[in-house]
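**Student:** Okay, here's the structure, questions in a sec.
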Amino acid sequence: MRWLGIDTGTVHVGLAISNIEESIVVPLEIIPANVAFPAIRAIVLRENIQGIVVGLPLLPSGDEGHSVKIARKLGSKLEVDLGITVYYEDETLTTEEVLSHRSNIQKNNRHRHDDLAATLILNQFLQKRKIDKIDTDAEI
């Protein structure tokens, strides 16, 4: 099954894609937030995406702020329009994790790594999915 990972932002949206086996996730591209919906829609159709994972930028308290509302709105719109189930994954600190591994990147270039954050989000989701599947198989 082919998956698309999405790291939403107010200026840029990072995208990552998995292979059919769900074993490899790679950064795909970074798109302007103001054209995110039509761009993502085109990618989903072109790449035969069967599942979407949208990162939720929860507040440190775990509460949902304005950014989460933006992410959920995009996810809901994609789900309705494309008929594909959209899953949500906590993306707390993914951008910071990307930046910590690339210390030579300046803070004003954060948007250039939204696709890497999307890769972390999708990888995290697929790893949990794999573990849940293994646990489910073990119970049978």
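Numbered by this note's numbering, the letters in the sequence shown go through residues 13 to 152 in order. Even glycine gets a Cβ: it sits at the ideal position worked out from N, Cα and C.
1. So which of Glu41, Met13, Leu16 has the shortest CA-CA distance to Gly26?
2. Please go through the same chain and pick out, in chain order, the residues whose beta-carbon is closer than 8 Å to the beta-carbon of Gly67, but skip the five residues on each side of it.
3. Let me make sure I understand the geometry here. Which of Lys140, Trp15, Lys145 has the alpha-carbon closest to that of Val65?
4. Rounded to the nearest angstrom, what separates Ile152 and Leu57 at their Cα positions?
5. When you compare only the Cα positions, how much space is there between Lys81 and Glu33?
6. What does DSSP give as the partner residue(s) for Leu68 in the beta ladder?
7. Could you name the residues of the same chain whose beta carbon sits closer than 6 Å to that of Pro39, not counting the 5 residues immediately before and after it, in chain order?
8. Check whether the Cβ atoms of Leu90 and Ile52 lie closer than 8 Å to each other.
9. Ignore the nearest five residues each way along the sequence and tell me which others in Pro69's own chain have a CB closer than 8 Å to its CB.
10. Just to confirm the assignment, what range does the beta strand (DSSP E) spanning Gly30 have?
**Tutor:** Quick answer:
1. With respect to the C-alpha of Gly26, the residue from Glu41, Met13, Leu16 having the closest C-alpha is Glu41.
2. Taken in chain order, the residues that qualify are Gly17, Ile18, Asp19, Thr20, Ala83, Tyr100, Glu101, Asp102, Glu103, Thr106, Ala129, Ala130, Ile133.
3. Considering only alpha carbons, the answer is Trp15.
4. Confidence in Ile152 is poor, its pLDDT being 46 and thus under 50, which makes the residue's placement unreliable; the coordinate value appears in the next sentence. About 36 Å.
5. In a straight line, the C-alpha of Lys81 is about 31 Å away from that of Glu33.
6. BP columns for Leu68 point to Asp102.
7. Sequence-distant Cβ neighbours of Pro39 in its own chain, meaning closer than 6 Å and more than five residues away, are Ala28, Asp127, Leu128, Thr131.
8. The criterion of a C-beta distance shorter than 8 Å is satisfied by Leu90 and Ile52.
9. Hits under 8 Å: Thr20, Gly77, Ser79, Val80, Ala83, Glu103, Thr104.
10. The sequence given here places Ser at residue 30; Gly does not occur at that position. First-last of the beta strand (DSSP E) with Ser30: 24–30.
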